[in-house]
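K.L.:
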Amino acid sequence: MERYLGFRARVAIAALAFVASHATAQGLEPKITVVTSFSKDVTQPFTQAFEAAHPGTKLEVLSRNTQAGVAFVRETRANPPDLFWASAPDAFEVLKKSGLIDKYQPRVSGIPAKIGSYPIHDPDGFYFGFAASGYGIMYNTRYVAANRLPLPKEWDDLKKPVYFGHVGISAPSRSGTTHLTVETILQGEGWAKGWSTLLEIGGNLTSVSDRSFGVPDAVNSGQYGVGIVIDFFGLSAKASGFPVEFVYPKLTAVVPANVAIIKGTRSPNAAAAFVDFVLSEKGQAILLDPKIQRLPVQPAVYDKAPAGYPNPFKDTSLGAAVNFDSFLSEARYELVNSLYDRLITFRLKELNEAWKAIHAADAAVARKPTEEAKRLLGEARGLASAIPIGDAEAKDPQIAGVFRPAEKDKPKPVRQAEFEERWDAFAKKNYAEAKAKAEQATRAAR
Amino acid sequence: MSALALSRRRPLLDRWNLTATQLVLAGLVAAFLGLFLVLPVLRVMGVAFWGPDGFTTQNLEDFFATSLFRESFFNSCYVATMAVLLASIIAVPLATIIARYDYPGAGLIHALGAVPLVMPPFVGAVAMQLIWGRNGSVNLILMDLFGFKIPFMEGLNGVIFVEALHYFPFILLNLAASLANIDGSMEEAGQNLGASGWSLYRRIVFPLALPGYVAGASLVFVKVFDDLGTPLLLNVTNMLAPQAYLRITSVGLDDPVGYVISAIMVVFSLVAMGVASLALRGKDYATQQRGGGGLGRRKLTGWAKVLAHGFVIVALLVSLSPHLGILLLSLGTIWSFSVLPDAFTFDHYATIYREGPQLVTNTVLYCGLAAAIDVLVGGAIAYFVLRTCMPGRNVLHYVAMASLAVPGIVLAIGILRTYYDIKLPDGRALATFWGMLVIAYAIRRLPYALQSCLAALRQVHGSLEEAAENLGAGKLATLRRIVLPLMAGGLLAGFVTSFATAAVELSDTLLLVTREIDAPISYGVYVYMQSPAGRGPGAALGVLAVIVVALGAWASHWLAEKDRRRRSREG
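Residue numbers (the working numbering), protein chains in the order written: chain A, 1 to 446; chain B, 447 to 1017.
1) Mind checking A:Ser21: buried by the 16 CB within 10 Å criterion, or exposed?
2) Unbroken alpha helix (DSSP H) runs of length 4 or more, entirely within the segment 235-286 of chain A: which are they?
3) Could you tell me which residues DSSP puts in a beta bridge with A:Leu62?
4) Could you please give the first and the last residue of the uninterrupted beta strand (DSSP E) stretch that includes A:Ala132?
5) Less than 8 Å separating the beta-carbons of A:Gly283 and A:Ala427?
6) How many Å lie between A:Glu189 and A:Lys40 at the Cα?
7) Determine whether the Cβ of B:Ala886 lies closer than 8 Å to any Cβ atom of chain A.
8) Over the uninterrupted beta strand (DSSP E) stretch that includes B:Ile707, give me the two end residues.
9) With distances taken between CB atoms, is the gap from B:Ala529 to B:Val666 smaller than 8 Å?
10) Taking 6 Å as the limit between beta carbons, can you name the residues of its chain near A:Ser267, skipping five residues before and five after?
11) Got a sec: does the ligand NAD put a non-hydrogen atom nearer than 7 Å to the Cβ of A:Ala361?
12) Take A:Ala354 as the anchor and find which of A:Ala434, A:Ala373, A:Gly125 has the nearest alpha-carbon.
13) Would DSSP call B:Trp1000 helix, strand or coil?
14) Would you identify the three-state DSSP class for B:Pro871, choosing helix, strand or coil?
15) Please go through the same chain and pick out, in chain order, the residues whose beta-carbon is closer than 7 Å to the beta-carbon of B:Gly582, but skip the five residues on each side of it.
16) For A:Trp191, does the three-state DSSP call read helix, strand or coil?
17) Within the 8 Å Cβ cut-off, does B:Gly988 reach chain A?
18) Which first and last residues belong to the beta strand (DSSP E) in which B:Trp644 is found?
19) What span of residues does the beta strand (DSSP E) with B:Phe790 cover, start to end?
20) Looking only at DSSP bridge pairs, what is A:Val226 linked to?
21) Buried or exposed: which applies to B:Cys899, given that a residue is buried once 16 or more other Cβ atoms fall within 10 Å of its Cβ?
22) Judging by CA-CA distance, which residue of B:Leu726, B:Ile868, B:Ser953, B:Ala511 is the nearest neighbour of B:Ile694?
23) For the alpha helix (DSSP H) containing B:Val906, name the first residue and the last one.
24) Look at the alpha carbon of A:Ala364 and the alpha carbon of A:Ala441, and state the distance between them as a whole number of angstroms.
25) By the three-class DSSP mapping on this structure, what secondary structure does A:His54 have?
26) With distances taken Cα to Cα, identify the nearest neighbour of A:Ser236 among A:Val61, A:Lys291, A:Ala131, A:Arg367.
27) What does the alpha-carbon distance come out to for the pair A:Ile387 and A:Gln223?
28) For A:His121, write down the residues that DSSP places opposite it in a beta bridge.
29) Counting contacts by CB-CB distance shorter than 8 Å, is A:Val208 in contact with chain B?
30) Along chain A, in chain order, which residues have C-beta atoms closer than 9 Å to that of B:Ala511?
31) Report the residue from B:Arg648, B:Ala541, B:Gly704, B:Val989 whose alpha carbon sits nearest the alpha carbon of B:Ile555.
32) To the nearest angstrom, report how far apart A:Arg142 and A:Leu251 are at their CA atoms.
33) Report the CB separation of B:Tyr547 from B:Arg743 in whole angstroms; it is logged as a contact under 8 Å.
34) Please decide whether B:Phe519 counts as near chain A, where near means a Cβ-Cβ distance under 8 Å.
35) Cα-Cα, which of A:Ile261, A:Ala285, A:Asn220 is closest to A:Tyr302?
36) Go to A:Phe213, then tell me how far its beta strand (DSSP E) extends in each direction, as first and last residue.
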């Protein structure tokens, strides 16, 4: 029996080898597996269209959030899935650096080199942007009306005292998309001013969610009114019937979601065909589906889009206000995440209290502006929007490197834990002092 | 002197009070824990104490030097203690009502009592917010009627509230099983001596059921201490479990601090368990006389009846509110900033119609197998701990309990890392075989079953086994005919808690499922809940999960009752 099976297996292997050698010339392998963070709304129409275009090849979807997806690809090196398909470009950078994805040259034309100021494909040819997305503000119309909030349009609007306790965001360390929003603000406004904006908005935050979808979820339910999200979360929620709206602030980056072929795939032809399909006009048109609502990277596809669909190739204000420097973003990636968590995520209560006191002092000073009160208020503001590390230091590879995973034979001069403890103490002390000063200012303006 | 000489001559197995079969079983249990818990977890967590220059305690020192972590540690202890208190307030009266009184809805409470353990991932969170959140139904109604809101879901108090609602069934199920096991003659003796009413309950009944209560309460404490889902749901990050999880998943798999936190949670959980079992040390809870069918069921009359009904209704309504929310979500169109959904529809059930059955059968298969393994392994460990002198029996006990504090993602990555290179005959990796998911569930849920088994065995008097052996029954026959039937209630409680919680396990499912046809319900819920349009279908799947668990719990209660009736008839 066993010998018989062995023989059968050998025949099968021979047949497979035969098929494989032919596949390079004409056919595709019978099955490919895609690891993806996209929802069913995205994967299902693509799967159906791809299988219709390539009968004989079945597409298997493995849903995982981005971190679990990267971990899965890393742990299954010996016998990997075929494609990785997700939003956050930084996850693809990680895969590329770890040598887990393969180079490829898509056989598709008509895609420009850049969208806004961001390169669509990886310049080294490892991963390919197929759908662009911008970042912005999403709000629940019922909530906004019930709480009589003005409609937010720009990041600066979210600093206003009326929004206290009404805004939500996901932590940049947990969500590649939020990280890009934060980095866009930092690059657009400059390091110190950008952080002061983030901290002032931070004062109004009601929660910092641990996953990017937590924010649209909460806005959809009306748990809080305003969320900082990637565009398709807002647009697709609206298309699904939720009472929400989405706006792009002037300062936004348009960044592509990507697809890549995993190194060691056993279906290289079918995997390549999938990449080509996703980039082709046919595949790109799927993105216009109201439940998906992402921006195609093929400019020609916008001709089929309904009126009012955002078009970054025509609307030059989209993604143009900031010249996004991805090298800079890359250099301080982990540091920015850690700093945001120390200053905002983990000290949200203290930050809220400080800014609440400052808002109260603001109102008091507006009624009766004494010199003493103004001085105290200025100091309180300074304390509540200060950061423990300068622009140059944050770029310094010596310091930024502390937050990277350790490399062999390269001991770190300072441990990450030491920096983080210092920053935590800095935040705690500053927020407490800011609160005290603001309360003094309120009393002084009485 | 002579006894000592005698014992020296006795063979080793005798001295350990073991038979050869039991020794083999102990070996199997040890191998199971070693291969699927210790080895995979060490392969991931090793970095915590392993620096570039070998063993290091640097990371441990960093932990205690970081004020955020000290604060998190304190918060976790506080929340766990308060959650035990609140859960006891809900669970102890419920358990008493169903075990001591002739309450008409006892079966229903038993079935529904397990349901709060089933909080489907994401859907449960959304439903909780829609009901209890700051703009949830309850607060919108309060605001409308009285002009104020209650922050049920904010900060540490919110965590305590949600955790108590979520985990009180641990106490309910274990305490009810324990109460049902008490020898009715004890109560009668108490009555003969003049005790009645409250003092009878406080001095006789409850103390005799203490093993069940301690099993449940210590599980609640440790589970809440190690729980990740609820703090994340409420965006409370200054507790230990979220700190560990956020470190591991955002800083990276090789970040040592996350594992130091995990290791500290493991140690602290074990200490808590140890303290709990100290509370039971030196006392005898066993019941010698059997066959009476446990406590006499008394009738509820007058005010007591009204009070009991009132309490049961309020407790069930509050603890099942998230599930009511899930049901409304699954039937509603859009539900946003309003008391109820805008309109109702069956469309979401139509959407899941095709894949639903597959997901349900997978869930029943995986969780059923996992819970069966748990009861087997848990029962074996309980037997070794309480009935033998085998060296290392407590090691087995503590290793099994330690899995409570191992984050699911760490176990899953460890399993992938250890078993991905081992190939099955059909060429697939062992780690991606669905059986691995069963094993991962079994490992993660083993502590629940083990606690129930320990409580059940504590109440069986050793003299009953000796009597059986004196009458010529072998160890196996004694086990089968005497011990197992007497433990049945506890074993079933263990099965139900393992099954119910495994049915909604996500973190390891997400890493170990590699084919859609192998996916359980929790994976389906995850896939749908990633988009706004998927909320309804995701909730519909959540409802399926709840139904599966409620049916399982009801069936096990029915079995236990049948057994009880049979025994009391025979007696």
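For every residue, glycine included, the Cβ atom is placed at its ideal position computed from N, Cα and C.
P.N.:
Walking through what the data contain:
1) In this prediction, A:Ser21 scores a pLDDT of 43, lower than 50, which makes its location untrustworthy; the coordinate-derived value is nonetheless stated afterwards. Answer is exposed; the Cβ neighbour count stays below 16.
2) 268-279, 281-286
3) A:Val35
4) 127-140
5) no
6) 37 Å
7) no
8) It is not in any beta strand (DSSP E) - B:Ile707 instead sits in the alpha helix (DSSP H) that spans 702-726.
9) yes
10) Glu29, Ile32, Asp82
11) Of the ligands one can find in the structure shown there are none, so the ligand NAD has no counterpart to examine.
12) A:Ala434
13) helix
14) coil
15) Gln575, Leu576
16) helix
17) no
18) B:Trp644 -> not in any beta strand (DSSP E); alpha helix (DSSP H) instead, spanning 643-646.
19) Segment: none, B:Phe790 is in no beta strand (DSSP E) and carries neither H nor E.
20) A:Tyr139, A:Val167
21) buried
22) B:Ser953
23) No alpha helix (DSSP H) holds B:Val906; DSSP gives it neither H nor E.
24) 8 Å
25) coil
26) A:Lys291
27) 30 Å
28) A:Phe128
29) yes
30) Ala417, Glu418, Glu421
31) B:Ala541
32) 26 Å
33) 6 Å
34) no
35) A:Ala285
36) Here A:Phe213 belongs to no beta strand (DSSP E), and DSSP marks it neither H nor E.
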